Each structure stands twice: as C-alpha cells, then as structure tokens.
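I have placed the structure first, in the form of structure tokens, so that the comments after it can refer back to it.
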Amino acid sequence: MSIGMSQQQKRDFDEKGFIILEDFLTRAELDRLLAAVDEVADEVREAQGLGPDDPFAVRNALSRHEAFLDLVDHPRMLPLVVDAIGWNIQIRTTHLDYRPPYPETVRPGTLGVGDGADQERGYRNLSWHPDLASDALFMAPSLDGRLPFMEIKVFYVLSDLSEGQSGNLWMVPGSHLRSPNELRENGRQVDSDEAMELRLKPGAAVVWRTAVWHCVGPNLSERTRKIMHIGYHYRWLRPTDYISQDQDLIERSGPVRKQLLGALASGGDPLGAESQFHPSSQYWLTKSDDDLPLRAWAEERGVGREGFFNAL
Ligand SMILES: O=C(O)CCC(=O)C(=O)O
Numbered sequence: 091m092s093i094g095m096s097q098q099q100k101r102d103f104d105e106k107g108f109i110i111l112e113d114f115l116t117r118a119e120l121d122r123l124l125a126a127v128d129e130v131a132d133e134v135r136e137a138q139g140l141g142p143d144d145p146f147a148v149r150n151a152l153s154r155h156e157a158f159l160d161l162v163d164h165p166r167m168l169p170l171v172v173d174a175i176g177w178n179i180q181i182r183t184t185h186l187d188y189r190p191p192y193p194e195t196v197r198p199g200t201l202g203v204g205d206g207a208d209q210e211r212g213y214r215n216l217s218w219h220p221d222l223a224s225d226a227l228f229m230a231p232s233l234d235g236r237l238p239f240m241e242i243k244v245f246y247v248l249s250d251l252s253e254g255q256s257g258n259l260w261m262v263p264g265s266h267l268r269s270p271n272e273l274r275e276n277g278r279q280v281d282s283d284e285a286m287e288l289r290l291k292p293g294a295a296v297v298w299r300t301a302v303w304h305c306v307g308p309n310l311s312e313r314t315r316k317i318m319h320i321g322y323h324y325r326w327l328r329p330t331d332y333i334s335q336d337q338d339l340i341e342r343s344g345p346v347r348k349q350l351l352g353a354l355a356s357g358g359d360p361l362g363a364e365s366q367f368h369p370s371s372q373y374w375l376t377k378s379d380d381d382l383p384l385r386a387w388a389e390e391r392g393v394g395r396e397g398f399f400n401a402l
C-alpha cells in the first residue's frame, strides 16, 4: 500500500534508485530556507574564519536553524519517505552544502575520479561513491557484494542547478543493484553514457537510495551551490551526526519529530524494563507505541500492521 508514491515512482525508486520531484518546495518554503542558509553561512564563516568564496558543509544542520529542522518531517515529503523506507526510522544526517563558484586557479579533475586541484583543495564528494561503502564500513556486506538497503536521503535543491557544471549531483541510475567493488576495481571510473547529471531548478527534491553511485561535479558556474540532504535510516542503526539530540529540542518536539530525532518519547530505560538481566534496546524490540508514533501515523493512512515475523 502506498501513501505518497505513485506506482511509477515506486518502480523508478526500485529500478533507478531515485525519484525526482520538480517544484516540490513552495516559493515561501524556498525563501525561508535560503534566508536560513545565509544566516548559517555567516555563523560558519565567523566561527571558522572563512572568506565569502570558501566552500563549507554543515552536518546535523537541523540543530542550526528551524527552517532546516522543519524539513525532517515535511508534511508533503513524509509520506514519500515512509513509502520508501518504512516507519521504523530516524534521522541519520542533515547536511547543508555550500559551494561558491570555483576560483579560476582551481582546475577540476576528471568527473567522479577526484584527481584534480579541486580534490586537493578539499572540495568534497567529488569521487563516485555509494554511501556507507567506505573501507571502514562495508567492504563485503553480503554474499553477492551488494549493499543492503539501509537508508535513503531526500536531496533538496535550493539554488539554481538547472545548468550543467554548477556543482550538480551526478548519479548512475540502477547502480544500487551493483557491487561497490565494481566501482573500486575500475578506479572509480563510470562510462559517460551511464552517468546522469541532475539538472534541477531551485525547489526540486529527489528521494534517493544512497547505495546509488553518486558524486558532485565542479561548480564552474557563477552561482553558489546551496543544497541539503536529509538522511533517514533504520532506528537500529547508529546516526552519523549525533549520539543524542539536544534535550531542549526533543522536549519541544511533537511525537513523530521526537522519533525522527532518535529519542524515546516514553522516557523509559532505553534498554527496556528488565535492563539488569535482560537488556533489550528499545530501538530494536520497541515495547511502547509512544516510541514509534510514525507507525500509527502510517497505519492511519492505510499502511498495514501485518509483519512477517514476531520475533527476531
Ligand atoms: O553534496 C552532495 O550533493 C553529495 C553529498 C555526498 O555525496 C555525500 O554526503 O555522500
């Protein structure tokens, strides 16, 4: 049962690994986000001593501005998120990327290989990669070498990326079905006819499987690239951006937001009622519906309660 995605979008999400939603954000939402980016950019520059032409990235961006926080449970996006990955989820990362035009002296390397002056200067994510496949994480995640389905991201385009070479996100459609070793063994080269440069206007959103091979192209335009990725993964995994979110933030959040922020709203022992002799993480076998309100939220919208197994 689908609550947000059309049948075609479901097929695209499974086969290509992503769906594109043009004009997803309203003008008012976009303006609010762009004002937030400017505010946060000033803070980052001040704190890190950066100049106006320096690129930067902010993680756990949700803690920096209410406009970013409001993206985590965006009412029109949440149904698509639940269709894509289910309700037993939390935020893994909230990532703001700010990338002014390259200075003339910085020559980009080969797309997706990261062999240029831009890589040396610290421009990020220039090499083709799926997320969660670095040497320190999954080298051999499964018998067929493919990455298990662990997470999705929603990519929000805030600045104009409708022309190429503007710091666009590139993807290889369908590559989530291939082994990351293939990419590693061929020196991170991808045939140009397999790669797709996402040329998107401000306000577009992309729901994508992070196992899709992706990279960021150089910004040779005259505009600053401003984008956000909101990453959702299962509650039994550990987030990258936080161990626990700020208590004040949790307390002023509604039930679904609390869950997404990785909190247990019931306030019980995170290792369950018998934690002394039978510890049982409530992120695994969740006993209280209060800790998993997104489930009831999804059921109200028609997603069934049926499960395959009752025990681990
Ligand atoms: O900046 C981007 O759009 C891509 C970010 C990325 O590749 C990553 O965080 O893994």
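Here the working numbering is used: the first residue of the sequence shown is 91, the next is one more, and so on.
Here a beta-carbon is modelled for each residue, glycine too, at the ideal position from N, C-alpha and C.
Remember, predicted model here, so these are calculated numbers, not experimental data.
For residue i: DSSP bridge partner residues
i, result
"residue 179", "324"
"residue 299", "242"
"residue 148", "186"
"residue 304", "219 and 261"
"residue 251", "290"
"residue 425", "Residue 425 is absent from the model: the chain starts at 91 and stops at 402."
Coarse secondary structure for residue i, derived from DSSP in three states
i, result
"residue 317", "strand"
"residue 266", "helix"
"residue 390", "helix"
"residue 287", "strand"
"residue 111", "strand"
"residue 134", "helix"
"residue 153", "helix"
"residue 203", "coil"
"residue 382", "coil"
"residue 169", "helix"
"residue 211", "coil"
"residue 329", "coil"
"residue 403", "Nothing in the structure corresponds to residue 403, since the chain is present only between 91 and 402."
"residue 340", "helix"
"residue 353", "coil"
"residue 377", "coil"
"residue 225", "coil"
"residue 129", "helix"
"residue 193", "coil"
"residue 160", "coil"
"residue 364", "coil"
"residue 280", "coil"
"residue 234", "coil"
"residue 359", "coil"
"residue 121", "helix"
"residue 372", "coil"
"residue 198", "coil"
"residue 140", "coil"
"residue 335", "coil"
"residue 402", "Annotation note: pLDDT 49 at residue 402 (below 50); position unreliable, no value reported."
"residue 397", "Confidence is the limiting factor: at residue 397 the pLDDT is only 48, short of 50, which leaves the residue's position unreliable and the question unanswerable from this model."
Cβ separation of residue i and residue j, assumed to be a contact under 8 Å, to the nearest whole Å
i, j, result
"residue 157", "residue 186", "Actually they do not touch by this definition, with Cβ atoms about 11 Å apart."
"residue 188", "residue 241", "Not a contact, Cβ separation roughly 23 Å."
"residue 330", "residue 182", "6 Å"
"residue 387", "residue 346", "6 Å"
"residue 107", "residue 264", "6 Å"
"residue 114", "residue 174", "Not really, about 14 Å apart at Cβ, beyond 8 Å."
"residue 349", "residue 360", "That pair is no contact at about 14 Å."
"residue 202", "residue 224", "Not quite, the Cβ-Cβ distance comes to about 16 Å (not below 8 Å), so this is no contact."
"residue 340", "residue 351", "6 Å"
Any non-hydrogen atom of ligand 1 closer than 7 Å to residue i Cβ
i, result
"residue 304", "yes"
"residue 382", "no"
"residue 317", "yes"
"residue 185", "yes"
"residue 221", "yes"
"residue 259", "yes"
"residue 215", "yes"
Residue i CB to nearest heavy atom of ligand 2 below 7 Å
i, result
"residue 206", "Looking at this structure, you won't find ligand 2 anywhere; what it does contain is ligand 1."
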